[in-house]
Amino acid sequence: AQSVSQHNHHVILSEAASLELGCNYSYGGTVNLFWYVQYPGQHLQLLLKYFSGDPLVKGIKGFEAEFIKSKFSFNLRKPSVQWSDTAEYFCAVSPYTGGFKTIFGAGTRLFVKA
Amino acid sequence: NAGVTQTPKFQVLKTGQSMTLQCAQDMNHNSMYWYRQDPGMGLRLIYYSASEGTTDKGEVPNGYNVSRLNKREFSLRLESAAPSQTSVYFCASSEQIHRLGQPQHFGDGTRLSIL
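Just so you know, the sequences run in chain order R and P.
Under our numbering, the first residue of the first sequence is numbered 1, with each subsequent residue one higher.
Under our numbering, the first residue of the second sequence is numbered 1001, with each subsequent residue one higher.
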């Protein structure tokens, strides 16, 4: 079965620290990849997406993610986090042949200390 | 532009009661989805509707039914609520181009507690 693994369930950082959240998936074919963010009390919002082309994708608020096909990974990065980045982050994968379904990871809760 | 609107935002039910969660989108999207979000488990797909007039089961459909009333509206019904259905429910919609998964737009969620 297709699955998405997010390695860290909880991450605590101080402001200005660098962030990397891991995401691995188990589907071998073509995929669309997404990172969503859920701020406290809010709904999920799209942070960035990868469909094809340059494997380094830039999203909103200074976030970026790198697709490494050989490692089935799509890790999220930010060079310097802010207190306002405190949120839950979800990696999601949409396999090409199952285009109507998107599989979400369990999420990573990030807390940034001011 | 409201996006995806869910009602109600909060609800408490007794075991065995029935309830319908409403969802409407104003983005002219073809596809709509219902998820439940539980701690440590991310989002799990309950049902989805690829286009008006079609519905399909997702990962956790048991105990739920859905209706795609028209292109805008997609409702989720709990016929006989159980405590295991206590969760936060999210509705989402997306364009559906060919067979590629598109980014989804989410509603604000419904917090449902079953006593």
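Backbone N, C-alpha and C define an ideal beta-carbon position, used for all residues, glycine too.
Here the structure is a predicted model, which is why all the values come from computation and not from measurement.
C-alpha gap between residue i and residue j, whole angstroms
i: glutamine 1102 (chain P); j: alanine 1002 (chain P); result: 19 Å
i: phenylalanine 74 (chain R); j: threonine 1110 (chain P); result: 30 Å
i: alanine 1082 (chain P); j: phenylalanine 1090 (chain P); result: 18 Å
i: alanine 1092 (chain P); j: tyrosine 1033 (chain P); result: 5 Å
i: alanine 17 (chain R); j: threonine 30 (chain R); result: 33 Å
i: histidine 10 (chain R); j: proline 1061 (chain P); result: 29 Å
i: valine 57 (chain R); j: leucine 76 (chain R); result: 9 Å
i: proline 95 (chain R); j: tyrosine 1047 (chain P); result: 17 Å
i: cysteine 1023 (chain P); j: glutamate 1059 (chain P); result: 20 Å
i: threonine 1086 (chain P); j: arginine 1044 (chain P); result: 14 Å
Contact under 8 Å by Cβ, residue i with residue j
i: leucine 1021 (chain P); j: glutamine 1037 (chain P); result: no
i: glycine 62 (chain R); j: glycine 1042 (chain P); result: no
i: valine 81 (chain R); j: valine 112 (chain R); result: yes
i: glutamate 1052 (chain P); j: arginine 1068 (chain P); result: yes
Any C-beta of chain R under 8 Å from that of residue i
i: methionine 1041 (chain P); result: yes
i: glutamine 1104 (chain P); result: yes
i: phenylalanine 1074 (chain P); result: no
i: aspartate 1108 (chain P); result: yes
i: leucine 1045 (chain P); result: yes
i: phenylalanine 1010 (chain P); result: no
Any chain P beta carbon closer than 8 Å to residue i
i: phenylalanine 104 (chain R); result: yes
i: histidine 7 (chain R); result: no
i: phenylalanine 111 (chain R); result: no
i: leucine 21 (chain R); result: no
i: glycine 107 (chain R); result: yes
Cβ-heavy atom distance, residue i to the ligand ATP, below 7 Å
i: threonine 1007 (chain P); result: This structure lacks the ligand ATP; in fact it carries no ligand of any kind.
Contact set between residue i and chain P, taken where Cβ atoms lie within less than 7 Å
i: lysine 49 (chain R); result: Pro1103
Under 8 Å from the C-beta of residue i: neighbouring residues of chain P
i: phenylalanine 90 (chain R); result: Gly1042, Leu1043
For this session: Within the region 17–87 of chain R, note down every full beta strand (DSSP E) run reaching 3 residues or more, in order along the chain.
Result: 19–21, 31–38, 45–50, 56–58, 64–68, 73–78, all fully within the region 17–87 of chain R.
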